[in-house]
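Visitor: Protein chains in written order, with the working numbering: chain B, 8 to 218; chain D, 509 to 609.
Note that beta-carbon positions come from the ideal geometry of N, C-alpha and C, so glycine has one too.
Sharing a structure, written as structure tokens. Questions coming.
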């Protein structure tokens, strides 16, 4: 099965696997801090401004947000299935699971873009058309966080969709064979982007819903 | 990882998503945020341990994975220690010139 050549710097396949996995996790640790800084800023503003800040969060679209979370969690399950079926030697199954992953990722971005459009119409976009007189300065700070966080997350997702599509094409053509780590590493990236959303979702959409 | 494990993880994630969204509409006062963040941590652990294969991973890989989150906790704690203890008290130089404000 494994016609794939081992990297010249490695003695065994297991050693290569561990080294590249560690490298990916080191990169993901920098990503944790990248999104973490945004979340720390959010938590401090939330403590500082209290109810005015939470009231702004209530203007986000909770139905679309919840649906999007379900879409993204499902895409992660599809990615896990792609890795599992690829490792077990199948060629057709991982291509189908990867296509499902990429399509769900695109569905997420489409729903997200719909939300942004609705918010644009409600004059909630800072620096473009935010209605300061109607919503106030503290709401504007919330929406600066909102657009930075969801925008950077969507950017990460678009990168993930490109990687997953590229992977599906290579596996489909048979140029990528089991034994290597490429599929698993792209899977790690995809799941990480999912984890970021798992934390953004309650902070953005669920704040102040019972007030 | 078997297909059955993936399916069980997905079902657990969907149930937790429903639970967290439902909990947000229950008036718990200051406890809404801790409840939703606790559910978020459980969801993240399912993804980390099963989908990202840390459960079956070697100790060194797990240590690398934990490192990023550990440094984030340090950042949250130290930044929080600053902002939580700030007060609205003005510096003497600001108090002396109220008319100029």
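Residue 530 (chain D) versus chain B: which residues are under 7 Å apart at the beta carbon?
Guide: Residues of chain B passing the Cβ test: none, with the nearest at roughly 10 Å.
Visitor: In this structure, does DSSP put residue 535 (chain D) in helix, strand or coil?
Guide: Residue 535 (chain D) falls in the coil class under three-state DSSP.
Visitor: How about residue 524 (chain D): is its Cβ closer than 7 Å to a heavy atom in the ligand PLP?
Guide: Here there are no bound small molecules, and the ligand PLP is not part of this structure.
Visitor: So is residue 587 (chain D) in contact with chain B if we call contact Cβ pairs under 8 Å?
Guide: Yes, because at least one Cβ of chain B sits closer than 8 Å to the Cβ of residue 587 (chain D).
Visitor: Shortest alpha-carbon distance to residue 553 (chain D) belongs to which of D:593, D:518, D:579 and D:511?
Guide: It is D:518 whose Cα lies nearest to the Cα of residue 553 (chain D).
Visitor: The alpha helix (DSSP H) that contains residue 578 (chain D), what's its start and end?
Guide: Residue 578 (chain D) -> alpha helix (DSSP H) spans 567–592.
Visitor: From the beta carbon of residue 584 (chain D), is the nearest beta carbon of chain B less than 8 Å away?
Guide: Cβ-Cβ to chain B under 8 Å: yes for residue 584 (chain D).
Visitor: Which class does residue 179 (chain B) belong to by DSSP, given the choice of helix, strand or coil?
Guide: Three-state result, residue 179 (chain B): helix.
Visitor: On the DSSP letters alone, give me the boundaries of the alpha helix (DSSP H) that residue 112 (chain B) sits inside.
Guide: Taken as a continuous stretch (DSSP letters only), the alpha helix (DSSP H) holding residue 112 (chain B) covers 99–128.
Visitor: Residue 57 (chain B) to residue 86 (chain B), Cα distance in whole Å?
Guide: C-alpha separation (whole angstroms): 39 Å.
Visitor: DSSP three-state label for residue 57 (chain B), please.
Guide: Residue 57 (chain B): coil per DSSP, three-state reduction.
Visitor: Take residue 215 (chain B) as the anchor and find which of B:196, B:46, B:49 and B:59 has the nearest alpha-carbon.
Guide: It is B:59 whose Cα lies nearest to the Cα of residue 215 (chain B).
Visitor: Taking the continuous alpha helix (DSSP H) assigned at residue 94 (chain B), which residues delimit it?
Guide: Residue 94 (chain B) -> alpha helix (DSSP H) spans 69–94.
Visitor: Are the region 65–76 of chain B and the region 519–538 of chain D touching, with three or more C-beta to C-beta distances below 8 Å?
Guide: A contact exists between the region 65–76 of chain B and the region 519–538 of chain D.
Visitor: If you follow the alpha helix (DSSP H) that residue 551 (chain D) is in, where does it begin and where does it stop?
Guide: Its alpha helix (DSSP H) spans residues 540–554.
Visitor: If we count the other Cβ atoms within 10 Å of its Cβ and call it buried at 16 or more, is residue 223 (chain B) buried or exposed?
Guide: There is simply no residue 223 (chain B) to check, as chain B begins at 8 and stops at 218 in what is shown.
Visitor: Residues of the region 549–583 of chain D with a CB closer than 8 Å to any CB of chain B: list them in chain order, please.
Guide: So the list reads 551, 552, 555, 556, 558, 559, 560, 561, 565, 566, 568, 569, 572, 573, 575, 576, 577, 579, 580 and 583, given in the order they occur along the chain.
Visitor: Give me the chain D residues within the contact set of residue 201 (chain B), using Cβ-Cβ distance strictly less than 7 Å, ordered along the chain.
Guide: Here the neighbours are 555.
Visitor: Taking the continuous alpha helix (DSSP H) assigned at residue 190 (chain B), which residues delimit it?
Guide: Run containing residue 190 (chain B): 189–212, per the alpha helix (DSSP H) assignment.
Visitor: To the nearest angstrom, how far is the alpha carbon of residue 19 (chain B) from that of residue 188 (chain B)?
Guide: When rounded, the distance between both Cα atoms is 13 Å.
Visitor: Ends of the alpha helix (DSSP H) at residue 142 (chain B)?
Guide: Per DSSP, residue 142 (chain B) belongs to the alpha helix (DSSP H) from 139–142.
Visitor: Per DSSP, which one or two residues make a beta bridge with residue 185 (chain B)?
Guide: Residue 185 (chain B) is bridged to B:187.
Visitor: So, does the CB of residue 76 (chain B) fall closer than 8 Å to a CB anywhere in chain D?
Guide: At least one chain D Cβ lies under 8 Å of residue 76 (chain B).
Visitor: Looking only at its chain, what residues have a beta carbon closer than 7 Å to the beta carbon of residue 193 (chain B), apart from the 5 residues adjacent to it on each side?
Guide: Correct list, in chain order: 170, 171 and 174.
Visitor: With 8 Å set as the bound, which would you pick, yes or no: does the beta-carbon of residue 219 (chain B) sit closer than that to a beta-carbon of chain D?
Guide: Past the boundaries of the shown model lies residue 219 (chain B); chain B is included only from 8 to 218, so the question cannot be answered.
Visitor: With a threshold of 16 other CB atoms inside 10 Å of the CB of residue 165 (chain B), please say whether the residue is buried or exposed.
Guide: With fewer than 16 other Cβ atoms within 10 Å, it is exposed.
Visitor: Comparing C-alpha positions only, which one of B:110, B:63 and B:99 sits nearest to residue 167 (chain B)?
Guide: Comparing Cα-Cα distances from residue 167 (chain B) to each of B:110, B:63 and B:99, the minimum goes to B:110.
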